[in-house]
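Chains as they are written, first to last, in the working numbering: chain A, 234 to 623; chain B, 2 to 162; chain C, 19 to 369.
Positions of the beta carbon are idealized from the N, C-alpha and C atoms, including for glycine.
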Amino acid sequence: MTMLSERQQLSYIAAQAADARLNVELETEGMTLNIGPQHPATHGTLRIIARLDGEQVVWAEPSAGYMHRGYEKLTEVRTFPQVTSLINRIDWLGSFANEVPFILAAEKLMDIEAPPRAQHIRTILFELSRIANVGLFLGDLGVQMGAVTPVFMAFRDREYVLNLIEGATGGRFHPNFDRIGGLKDDLPKGWIDETKQVMKKLRRFCDEIDDLLFGNEIFQSRMRGVGVIPSDIALQYGLSGANLRASGVEWDLRRDQSLPMAWDKVDWKVWTHPDGDSWARCWVRLQEVRESTKIVDQLLDTIPAGPVMAKVPRIIKVPEGEAWVSTENPLGEMGYYVVSKGDLGPFRVKIRSASFNNMSIAPWVLKGVYVPDIITILASLYFILGDIDR
Amino acid sequence: MPKIPGLIKGLGVTMGTLGRTVRDGADTVQYPHAKEAPPVRARGVIALREDNCTACMLCARSCPDWCIYIEGHKQLAPPRRAGGKPRQVNHLDRFDIDYALCMYCGICVEVCPFDALFWSPEYEYSEPRIADLLHDKTKLGEWMETVPEAPELEAGAEKKK
Amino acid sequence: MSALLAVEIPYWGQSLLRVLGGIVAVLLPAGTIVYLFLFKMMSFMQSRLGPMEAGPFGSMQLFAEVGKWLQKEDIVPAEADARIYKLAPIIVLLSTFLLVVVVPFGPDAYFVDFSAGVFYALAIGSVSVIGILVAGWSSANKYSLLGGLRAAGQLIAYELPMVLAVVGVVIQAGSMNLQDIVVAQNSGSIFGWDGVGFPFVLTQFVGFLVFMIAVQAELTQVPFDMPIAESELVSGYMTEYSGFRFLIFFIGEFATAGVFAFIASVLFLGGWGVPFSWFGWEGLDDVDNWMNIGGPLIMFTKMLVLTGIIMWVRFSYPRFREDQLQRFAWKVLIPISLANIALTAIVKVAV
């Protein structure tokens, strides 16, 4: 981990300023470039309206909402068990992680707690979905920069993780496995050994990506010193997750919050990076995948025996009240504010998804960069369209 | 040891993968010729055991996108014991699942109190027309053959009653 | 000037043979590169098998793809400058055909024996810039425009190191004729030992490296594919093209890769020749007639090795940013190749 030297940062800023001055002197005419809603780089239907001066961005603005599915409203007309099957489609790459905060919020309202075995398995699946999600990000990073090979490696190794999730829950993408009061089912036989094997493969995958992409000088020259977000700006824009940690803020809800989950029972590290540039954001994520495999490995060894379901009535009615629970999802802080009026379903659910807030910094960070840097900065900010539009 | 430049290392990774693919074969499966076995719990398709169904509508009501269509009527069945009164049973006329709508959440299988619905890992039932994905109870009954035994549980799990 | 065969062939026959030979020399490498590297090597590097259904091991896949492209509608955007838009891919492919003309494939197997061959090749190589610029401009698409302008900037920037890298070879061989360069390499000797001839890659290694990097950039392959940059510019100057015009761009890309690899193997790797000492040949006139068959095969093998490296790099690296790529050309490659020329000239004069 090397810090970007001040000289490098200054030279980058100076180069941009010089370009801007030149453009003013020549009185060039700008052009507006619409990146999206259908564009290979936006992995979804995000639209970036960029005002260009040559290859330089004068201002840029993300325009979200092309894939709005109205989950906040939909949850109002569904019962509590049905809601989990909907909300795991918000961030479709790490879907189990979407279910957990909602279930925790409902459990908080009902004042029940899942048995320790269920908490453990929940945490394992949560971290597995983080690996599946961020692992794909690491591969996708290459594609954004023209390297085609990493993404195939990412898909190959994500497949192992998805097979695990499918083996335990039955759903590859949308597990719908978390229940109020515990889990739907226990783990099938042989799953723990298989998971340990896969964790070894994933650590090898991280090393491969490290060699193929992060060690590559071209990649470094594209990422270092580009899209720098200082920590105070990051906090002002409400960034969360790896984007915030890459700006040097040591903030991780898994550690800072006491939730009925098993993170506090294992030994792990919160990675941060002082630079706050694109490189730092990607690097922190790579370390987090490695850290997640370690968390899973430790948790697998210490699963307590017992039931996976607390005693809950067959027809779930959540008592009146309001609860807010957020967790550290693969993309950042994801939380649900659940308001219940004692009915079968929630009265109102406010979803705080990480990508929406992470994207809100785009106009600030895209100002003055070059067109190719738009793509790398967006890639390093890492958004999932479903998570932005909900 | 001097640091190997990342550019060379990257070339090494791709060439190493090429060597592994030549030696051990690819990680991919040539799909129509070879198939991967999905896990036992895989949610491929919902199979129906018609005899167990009492047309109670619980599944249809709990479905988040209402893709189950059930029609039934009450009829008199011959009494269990000789000389008894004829029993009134629910007879299932129609049980359709629209797989174009189904989102494979598994809530219907879970809520079924009579063990009439099961998950099968069968996945090859695509249709060229979206309307053909509406499957009736005979088709759903045929899938019963592909339903596997529930897997054994990992050590430390509590046995289900 | 003898023809490909010993018998006397009328002029029209010779011309016909040359045209056919040119088509083979352009399309055969292109097809081989696409199948061997783009379909198979890339897939294997990504731990998959690539196309397997069309023909044995998917070897007919390319024909299937060509058939698919030919069936597609040839779309011209409403705002586009239709005539120029249609012409652009043909200019690009034409430059490839013109380029292969000077490449010698054997003692007699050449299209034109041109004494300023190197000069011609480097000049014609930049004609494709016009085609690309025109394609980007006439498409009436912002992405195409950005791609076309980037391509123009990049191709011109990398033309220079390429020319300068070749100068070293020209100084060493004392000729600009590609045939003479081949002969000079194969009849030469290293400190009196003539076992492998004297391929210029040994002395001109820096030149070879610069040339190959410049070729990579000329071909707009990763890491220099900013003009196409599919993740940001959709497909650069090719964005609007479809059907057979896209096919022509596609063939042009890989055919040019093959032809540049031919030229690189002529300039640095000894071309079609085997070391003359193996068979006791003195000069070009002694070379046996079978080299007219063997020479093209040797060239083809060398071409495959070189394009293999080009493609290997392409599948492993991410791409440079536009300004980094320009800086690399002007601040690194050009000074290096200038130093290389100076050094070569000093040694040449001194020895």
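Indicate whether Ala169 of chain C and Thr114 of chain C have their beta-carbon atoms separated by less than 8 angstroms.
-> no
Through-space distance from Trp597 of chain A to Ile282 of chain A, alpha-carbon basis | 13 angstroms
So with Cβ pairs under 8 angstroms, would you call Ala27 of chain B a contact of chain C?
-> yes
Spatial neighbours of Ala98 of chain C in its chain, beta-carbon cut-off 6 angstroms, leaving aside the 5 residues before and after | Ser156, Ser157, Ala158
Alpha carbon to alpha carbon, how far is Met60 of chain C from Trp330 of chain C? Give it in angstroms, no decimals.
-> 8 angstroms
Quick one: list the residues of chain C neighbouring Thr278 of chain A, beta-carbon separation under 8 angstroms, in chain order.
-> In chain order: nothing, as chain C lies at least about 15 angstroms away.
Burial state of Val94 of chain C (16 or more Cβ within 10 Å) = buried
Closer than 8 angstroms at the beta carbon, the chain A residues around Ser157 of chain C = Within 8 angstroms Cβ-Cβ: nothing; Ser157 of chain C doesn't reach chain A, min ~15 angstroms.
Using a Cβ-Cβ cut-off of less than 8 angstroms, give me the residues of the segment 95-123 of chain B that come near chain A, in sequence order.
-> Met104, Tyr105, Cys106, Gly107, Ile108, Glu111, Trp120
Is the shortest distance between the beta-carbon of Arg42 of chain B and the beta-carbons of chain A less than 8 angstroms?
-> yes
Amino acids of chain A, ordered along the chain, whose beta-carbon sits closer than 7 angstroms to that of Pro152 of chain B | Pro421, Lys422
Could you check if Arg391 of chain A is buried or exposed, using at least 16 other CB atoms within 10 Å of its CB as the buried criterion?
-> buried
Element boundaries [alpha helix (DSSP H), containing Arg339 of chain C] | Run containing Arg339 of chain C: none; DSSP gives neither H nor E here.
Could you confirm whether any beta carbon from chain E is found closer than 8 angstroms to the beta carbon of Pro241 of chain C?
-> The question asks about chain E, but that chain is absent: this structure's protein chains are A, B and C.
Quick one: which unbroken alpha helix (DSSP H) runs of 4-plus residues sit fully inside the segment 57-97 of chain C? Chain order, please.
-> 60-63, 79-89
Is the segment 217-231 of chain C touching the segment 348-357 of chain A, taking contact as three or more C-beta pairs under 8 angstroms?
-> no
At least 3 beta-carbon pairs within less than 8 angstroms: the segment 489-497 of chain A vs the segment 601-613 of chain A | no
DSSP state of Leu54 of chain C, grouped into three classes?
-> helix
Counting contacts by CB-CB distance shorter than 8 angstroms, is Met234 of chain A in contact with chain C?
-> Note on Met234 of chain A: pLDDT 44, under 50, position unreliable in the model; the coordinate value appears next. Closer than 8 angstroms: no.
For the beta strand (DSSP E) holding His92 of chain B, just list the boundary residues, first then last.
-> 88-99
How would you list, in chain order, the residues of chain C whose beta-carbon sits under 8 angstroms from the beta-carbon of Phe385 of chain A?
-> Gln64, Ser65, Arg66
Do you know whose CA, among A:Gln520, A:Gly565, A:Arg514, A:Trp557, lies nearest Trp501 of chain A's CA?
-> A:Gln520
Leu533 of chain A versus Ile425 of chain A - alpha carbon distance = 6 angstroms
Gly7 of chain B versus Val240 of chain C - alpha carbon distance = 16 angstroms
Would the segment 438-445 of chain A and the segment 374-386 of chain A be scored as touching if the rule is three or more Cβ pairs under 8 angstroms?
-> yes
Which residues bound the beta strand (DSSP E) around Ala283 of chain A?
-> 280-286
Taking Thr18 of chain B as the query, report the chain C residues whose CB atoms sit under 9 angstroms from its CB, ordered along the chain.
-> Phe62, Met63, Gln64, Ser65
Sort C:Lys160, C:Glu236, C:Ser249, C:Met70 by Cα distance to Ala141 of chain C and report the nearest one.
-> C:Glu236
Status (buried if at least 16 other CB within 10 Å, exposed otherwise) for Ala368 of chain C = exposed
Option in C:Val188, C:Gly215, C:Ile246 with minimal Cα separation from Lys366 of chain C | C:Val188
By Cβ distance, which residues of its chain are closer than 8 angstroms to Ile109 of chain C, with the 5 residues on each side in sequence left out?
-> Val145, Ser146, Ile148, Gly149, Val152
Are the C-beta of Asp606 of chain A and some C-beta of chain C separated by less than 8 angstroms?
-> yes
Taking the CB atoms as reference points, tell me whether Met372 of chain C and Ser295 of chain C lie closer together than 8 angstroms.
-> No answer is possible for residue 372 of chain C: the residues shown for chain C start at 19 and end at 369.
Run down chain C in chain order and give the residues with a C-beta less than 7 angstroms from the C-beta of Pro273 of chain A.
-> Glu248, Ser249, Val252
Since Met321 of chain C is in the alpha helix (DSSP H), which residue starts that stretch and which ends it?
-> 309-334
Candidates A:Asp606, A:Asp419, A:Ser573, of which the one nearest Val310 of chain A by Cα | A:Ser573
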